[in-house]
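All the letters of the sequence shown, read from the start, carry residue numbers 1358 to 1504 under this note's numbering.
Glycine included, every Cβ here is placed at the ideal spot set by N, Cα and C.
Taking it in order: structure first as C-alpha cells, then the write-up.
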Amino acid sequence: MKSILDKNTVVEMIDRINSLTPQSKAQWGKMDAYQMLKHCTLSEEMFLGRKKYERLFIGRLFGKMALKSILKDESRLKPNGPTHPELKITGSGNFEAEKNKWIELLNEYIRFSNPHFVHPFFGKMSNDQIGQYIYKHADHHLRQFNH
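Written out as C-alpha cells, the structure is:
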C-alpha cells in the first residue's frame, strides 16, 4: 500500500499538487481549491504534532474499527466523508502560499516519526498507519479536484 513516508510517493503527490490552480473545480463536496489546501495543511500539521484537536466521542467508540476498514486495502476514501469540525474550512486566502505550505509539510514526512500520535477520531496510530492514511487522504482531495 502506498505511504507518504516513501520519498517517491511524496514526489508524486507534490507533482499533483503543483498542477492545482485557484480555478480547479471540485468534483464533489463544498470546498473550493484554497479551502481544500488549507484543510490538508491543517491535517498535516496535526499528524506532524504541531496542532492538536479534541478527541471526538464517536471516534472513541468507532475510530479503531473505521481506521482498520480504511487501511485494509488499496480502496479509495469515499466522497463526502465526515470531517472534524475544526478542519472544516470556510473563507478564502492565499492559494499559492497554502499550496507551498502543503508541499513543505509533505516533504517533512521523508524523516517522519511521531510514535505517540493520537488522532482525534481514529485514536492511537502507528507511523505505518499514519503514512498510509495521509497518502489516502491527500489522494482523495487531489482526486476531488481532478488531480
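Item	Value
Tell me the residue span of the alpha helix (DSSP H) that contains Asn1457.	1452 to 1464
What is the DSSP secondary structure of His1473, counted as helix, strand or coil?	coil
With 16 other CB atoms within 10 Å as the buried threshold, where does Glu1431 fall?	exposed
Considering Cα atoms alone, identify which of Leu1377, Ser1470, Met1422, Met1403 is closest to Glu1453.	Leu1377
Could you give the distance in angstroms between the alpha-carbon of His1396 and the alpha-carbon of Asn1471?	20 Å
Do Ile1460 and Ile1374 have their beta-carbon atoms positioned less than 7 Å apart in this structure?	yes
Counting only the same chain and skipping the five closest in sequence on each side, list residues whose C-beta sits under 8 Å from that of Arg1417.	Gly1480
Which residue or residues does DSSP assign as beta-bridge partners of Gly1416?	For Gly1416, which the question treats as bridged, DSSP gives no partner whatsoever.
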